[in-house]
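The next block holds one structure in the form of C-alpha cells; read it before the comments.
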Amino acid sequence: MALSNQEKLRYSRHLNLPDFGIRTQEKLKNAKVLVVGTGGLGAPLLQYLTAVGVGTIGVVDFDVIDESNLQRQVLFGIEDIGKSKTTVAIAKLRAQNPFVHFIEYNLKLEASNALEIISNFDVVADGTDNFPTRYLVNDACVLTGKPNVYASIYRFEGQVSVFNWTNREGILGPNYRDVFPTPPPPGMIPNCAEGGVLGVLPGIIGSIQASEVIKVITGMGVSLSGKLFLMDVLDFSNRTLNIKRDPKNPLNGEKPVIKALIDYDSFCGITNDSNDTIDLSPIELARWRQEGQDFQLIDVREAYEFEAGNIGGQWMPLGELAASVNLIDKNRPVVFLCKSGKRSAQAIENITSLGADYSNLRHLKGGLLSWKDEVDSDLLLI
Amino acid sequence: MVKVKFTSALKQFFPDLSAQELEGASIKEVIMSIESIYPGMQDYLLEEDGSLRRHVNIFVRGEMMVDRHRLSDTLTDGDEVLIFQALSGG
C-alpha cells in the first residue's frame, strides 16, 4: 500500500534519510509486528513502532496496570491503575498515530493460541517477563518461521538479539535455545519483581529492540542476528557477542524433536499444584496466632518490602536463607511467608535441597497478598 | 593470566563479585580458580556431572564456548572470559 500525502508529511524525516525514502517507509506501513508484553520493554517498543509508522501492531498482554509498573512503564499514568494494559496502551497509541492499525490480544499467550496469533504477523518482538513465555515465543517463532526480536532486562543489565532471522543470503540465524538450551531451575534467576530493575533500563533496551525490529522489516543495516548485545548501564559496559546455531537444538538442529508447542510452565519447572503438606492458608495462620500456637514465622522478602509492611516474624531474605539455616527451628512448625507465596515455597525447596533434616516446614499459600484479602486489608505491601 | 568477567546479575548470590585475573589453561581450570575465590560458584555454574548449566553461557574472546560438557575449550594468556546467564525481565 502506498503512502498518502499526509503520511508523507508525517514521515518526512524518514523520507529524506539517506538510503531510506518512500520505498522503505512503505515497507514499514505494510509490516505486521506482534509485541508480546506491554510492560517495561513494551512501552518504548510500542511507542516507537507506532511513531515510525509500522502499519499493523498486535498488542498482547493479560495483565492490568499496577502502581508498581509506573516507575518504568511510561505508557501508563496514575489514572490507568487497575485498567487493562492492552486497552489503555492502544488508546494512547492511536492518539499518537492514527495511521497505525492495532489488534488487541487481551489474553495470556499460551501454547494453545500462540501459533495462530503469531502466524498473523511478519515479526515478533518479545518483551515478556518470564521464562515460560520466552521459550513459548521462541518455539512458536521457529515453528512458524517468524523472526523473533528479543530483549530482556534485570536490575541494570539488558540483552538484545534477533533470533530465527533468515538473511539476504538465505541463511537462518540462531534462536534463543541455541544460546540458552533450557531454562534455569525455578528460583535460580530472580525476576524484576524480586530483584528490581532500574526504571530507565527498559527504555534504553526496548529502544534498541525497536531499532532491530525496524531493521528486520526494512532490511537496512546489519541486524543483531547471530549476535547477542549485552549492556550494563551501571558501569556503562556493553559488548556484542557472536552466537551460532547449535546442531543439538531440539527445535531446528540436526535432529529436531520438538515439532509442536509444549507445556512451558512444566518445562520451566513451575507447578501450580497445591500441596496440603506445606500449604498453610491465611485463615489457618491467623487461627494459629490467635490460639497462641508455638511456631516460627519467617518472612523471606527483601528488606524494603519487610520494612514497608509486615505481620511480624523473623526477617531472612530468600537469598540469605542458606547462610542462616542454623536459625531455622527443627523442633516446632516453621512457616515461611512472602508477598505471593512463590518465594516462600522456594524457601522450603532451598532448605530441603541442602539435605538438612526438616519435616516441619510450611508456607503461607498465596502469601501476604492473600493475607491482605482474607485477614488484614490495612497491610501495606510493595 | 585470563581476565574473567561476570554478569552483574550474579551479585544476587555473590554480593562481592568483581572481575578477576586468573590462571587457567581451560574453562574448567578457570572455574576451579573462581570457586576458590567465590565458594559455591561452581555449583551455580555446573551441573552435578560437571557440564555447564544450560541457562548459563560462557564466551571467550567474544565467541560462544564450544565444549559445554567437559569445559575443555583452551585459553591463552590475555583472553577475556565472560560468564553470564539468561535474564527473564521485561
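In the order they appear, the protein sequences are chains F and P. Counting with this note's numbering, you get residues 1 to 382 for the letters of the first sequence. Counting with this note's numbering, you get residues 1001 to 1090 for the letters of the second sequence. Every residue gets a Cβ at the ideal spot worked out from N, C-alpha and C, and that includes glycine.
Contact note: F:Thr182 reaches chain P through Arg1054, His1055, using a C-beta cutoff of 7 Å and chain order. Straight-line measurement puts the Cα of F:Met188 at about 25 Å from the Cα of F:Gly313. Counting along the chain, P:Phe1084 sits inside the beta strand (DSSP E) bounded by residues 1080 to 1085. With a 10 Å radius around the Cβ and a threshold of 16 neighbouring Cβ atoms, F:Met1 comes out exposed.
Contact with chain P is found for F:Ser152, since one of that chain's Cβ atoms lies less than 8 Å from the residue's Cβ. Per DSSP, reduced to three states, the secondary structure at F:Thr166 is strand.
Judged by DSSP in its simplified three-state form, F:Arg72 adopts coil rather than helix or strand. When secondary structure is reduced to three states using DSSP, F:Asp232 falls in the strand class.
Residue-level contact check: F:Glu157 touches chain P, since one or more beta carbons of chain P fall below 8 Å from its beta carbon. F:Gln209 and F:Phe295 have their C-alpha atoms roughly 50 Å apart.
The beta-carbon distance between P:Leu1071 and P:Leu1087, rounded to whole angstroms, is 23 Å. This is too long to meet the 8 Å contact definition. Between F:Asp178 and F:Asp232, the CB-CB gap reaches or exceeds 8 Å.
Within chain P, the C-beta atoms nearer than 7 Å to that of F:Thr128 come from Gly1090, in chain order.
Excluding residues up to 5 positions away in sequence, Val300, Arg301, Ser344, Gly367 lie with their Cβ nearer than 6 Å to the Cβ of F:Cys338 in the same chain. In this structure P:Glu1023 is exposed. Its beta-carbon is surrounded by fewer than 16 other beta-carbon atoms within 10 angstroms. For P:Ser1051, there are no neighbours in chain F by C-beta distance under 9 Å, as the nearest C-beta there is about 11 Å away. In terms of CA proximity to F:Ala308, F:Leu380 leads the group F:Thr240, F:Leu321, F:Leu380.
Excluding its 5 nearest sequence neighbours in each direction, F:Thr240 has C-beta neighbours in its own chain below 6 Å: Lys227, Phe229, listed in chain order. With contact defined as three or more Cβ pairs closer than 8 Å, the stretch 1021 to 1038 of chain P and the stretch 1055 to 1071 of chain P are in contact. The DSSP-derived three-state label of F:Glu26 is helix. Nearest CB-CB separation between P:Phe1013 and chain F: below the 8 Å threshold.
The stretch 277 to 330 of chain F is shown to contain whole beta strand (DSSP E) runs of 3 or more residues at 296 to 299, in chain order.
By the criterion of at least three beta-carbon pairs nearer than 8 Å, the stretch 243 to 262 of chain F is in contact with the stretch 121 to 140 of chain F. Taking a cut-off of 8 Å on C-beta distances, the stretch 103 to 115 of chain F does not touch the stretch 14 to 29 of chain F, as fewer than three cross pairs fall below it.
Secondary structure at F:Ser4: coil, using DSSP grouped into helix, strand and coil.
Under the three-state reduction of DSSP output, F:Arg155 falls in the strand class.
Here F:Leu107 is exposed, its C-beta having fewer than 16 other C-beta atoms within 10 Å. At the C-beta level, F:Arg72 and F:Gly40 come within 8 Å of one another. Using a CB distance cut-off of 8 Å, P:Ser1008 counts as an interface residue toward chain F.
Here the C-alpha atom of P:Phe1014 lies approximately 10 Å from the C-alpha atom of F:Gly319. At least 8 Å separates the beta-carbon of F:Val100 from that of F:Val213. For F:Leu93, the enclosing alpha helix (DSSP H) stretches over residues 85 to 96.
Out of F:Leu297, F:Lys85, F:Gly199, F:Thr352, the CA that lies nearest to the CA of F:Pro333 is found in F:Leu297. Assigned with DSSP and collapsed to three states, F:Asp126 falls in strand. Between P:Val1004 and P:Val1081, the C-beta gap is smaller than 8 Å, which places the two residues in contact.
In this structure, P:Phe1084 is the residue among P:Arg1054, P:Gly1089, P:Phe1084 with its C-alpha nearest to the C-alpha of P:Ala1019.
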